[in-house]
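Working notes for the structure below.
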Amino acid sequence: MSTSPSQRSRVTVGLAERSYDILIGTGLIDDARTFAELPRAAAALIVTNETIAPLYAARLKASLSPHYPSVEVLVLPDGEIHKDWTTLNRVFDVLLEGNFDRKTVLFALGGGVIGDLTGFAAACFMRGVPFVQVPTTLLAQVDSSVGGKTAINHPHGKNMIGAFYQPRRVVADLGSLTTLPPREIAAGLAEVIKYGPIADDAFFCWLEEHLDDRSTCSPLRWSMPCDARARSRPKWSATTNARAADEPY
Ligand SMILES: NC(=O)c1ccc[n+]([C@@H]2O[C@H](COP(=O)([O-])OP(=O)(O)OC[C@H]3O[C@@H](n4cnc5c(N)ncnc54)[C@H](O)[C@@H]3O)[C@@H](O)[C@H]2O)c1
């Protein structure tokens with residue numbers, strides 16, 4: 615399966631009242647329709663980091679502006695070392711000092727570090743506000759943004775303080791992978807390679823055939839792993855309903 619830039623997929627994670635959609639495709643961050651049908655609120659807060667903000671924050675803000683009267687951006691330091699209490703408190707400081715209310719929607723724009731930390735902030739602020747995952751690494755798109763595991767690290771262990779808290783939507787814009795350093799593509803790929811033997815022989819064969827292309831091919835090729843992962847992830851595949859591959863939204 616190859617993927618043209620115009621192809622988009624929507625996969626529904628069926629979890630009764632906590633069900634949500636995963637949107638996969640290109641151009642999603644720049645398309646205001648991507649963010650329709652989300653909870654309404656007076657304000658949205660984009661949480662991102664200093665590496666990702668210059669690339670995508672203004673674009674996401676422009677797409678959210680038709681839906682939220684106020685859209686703020688919080689730029690955190692980059693790195694796993696900052697997935698901690700101090701950085702989490704910066705999110706709460708901004709929310710409380712800015713008088714954000716209990717309907718506020720948080721948008722996690724970044725890799726797994728931003729996704730995990732923002733998700734946990736959303737789980738805690740005012741006992742829980744809606745949040746949306748906008749994953750920008752391959753690992754986050756195929757793994758960490760889905761499943762509702764949120765956390766920060768503690769000196770005694772990684773991901774030791776956290777909560778299970780589902781996002782309202784996951785927006786995997788494959789275009790964001792074009793700026794991802796090769797090392798981060800490789801890190802996500804290591805996760806992707808596991809899926810074939812676990813869930814899908816044909817997918818495993820596809821990977822074997824295309825793995826060496828990755829230095830010469832656009833990361834858009836990895837839309838297939840994202841899509842396959844969304845459809846086959848063992849921990850929620852039984853409740854996942856894949857809709858038409860190029861359904862507009
Ligand atoms: N919640 C879960 O189920 C789950 C599962 C697996 C991993 N995780 C967590 O995910 C984290 C690792 O996530 P990760 O691998 O995405 O690392 P990361 O979030 O640190 O991102 C890697 C680097 O890539 C940069 N980056 C992100 N998107 C970019 C883009 N589009 N262009 C250029 N640079 C970009 C980041 O700023 C960072 O420097 C760990 O904290 C791990 O515990 C969570």
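Numbering (this note's numbering), first residue to last: 615 to 863.
Backbone N, C-alpha and C define an ideal beta-carbon position, used for all residues, glycine too.
Cβ-Cβ separation, residue j to residue i (assumed contact under 8 angstroms), whole Å
i, j, result
"V609", "L652", "No information on residue 609 is available, as it lies outside the stretch 615 to 863 that the chain covers here."
"Q747", "P796", "No, Q747 and P796 are not in contact; Cβ-Cβ is about 23 angstroms, not under 8 angstroms."
"G725", "P691", "Their Cβ separation, rounded to whole angstroms, is 13 angstroms, which puts G725 and P691 out of contact at 8 angstroms."
"L788", "A735", "That pair is no contact at about 26 angstroms."
"V687", "A667", "7 angstroms"
"S677", "I643", "6 angstroms"
"R716", "M740", "4 angstroms"
"I636", "A786", "7 angstroms"
"F721", "G733", "So it is not a contact: roughly 11 angstroms between Cβ atoms."
"G802", "L723", "Rounded, the Cβ-Cβ distance is 17 angstroms, inconsistent with contact."
"A650", "H681", "7 angstroms"
Residue i CB to nearest heavy atom of ligand 1 below 6 angstroms
i, result
"A667", "no"
"D787", "no"
"N713", "no"
"A737", "no"
"L825", "no"
"V727", "yes"
"K763", "yes"
"N663", "yes"
"L731", "no"
"D757", "yes"
"T640", "no"
"T701", "no"
"A672", "no"
"E651", "no"
"A801", "yes"
"A754", "yes"
"L794", "yes"
In DSSP terms, what residue i is bridged to
i, result
"S684", "A657"
"H824", "Partner(s): none; H824 has no beta bridge."
"H696", "None, per the DSSP bridge assignment."
"V784", "I636 and Q747"
Sequence-distant residues of the same chain with beta carbon closer than 6 angstroms to residue i, five excluded per side
i, result
"F714", "A657"
"D730", "T764 and A765"
"A665", "What sits at residue 665 in the sequence shown is Thr, not Ala. Within the same chain, T665 has close Cβ partners D692."
"A646", "S677 and P680"
Beta-carbon contacts of residue i that lie in its chain and below 7 angstroms, excluding the five residues immediately before and after
i, result
"L669", "T793"
"H768", "M774 and I775"
"T830", "Low local confidence applies: a pLDDT of 37 at T830 is under 50, so the model's placement there is unreliable, with the coordinate-based value given in what follows. Nothing listed; no residue qualifies."
"A804", "none"
"D698", "I766 and N767"
Same chain, Cβ closer than 8 angstroms to residue i, five either side skipped, listed in chain order
i, result
"K675", "I660, V685 and V687"
"K849", "Per-residue confidence for K849 stands at a pLDDT of 38, beneath the threshold of 50, marking its modelled position as unreliable; the derived number appears in the next sentence. Result list for K849: G761, in chain order."
"Y890", "Residue 890 is absent from the model: the chain starts at 615 and stops at 863."
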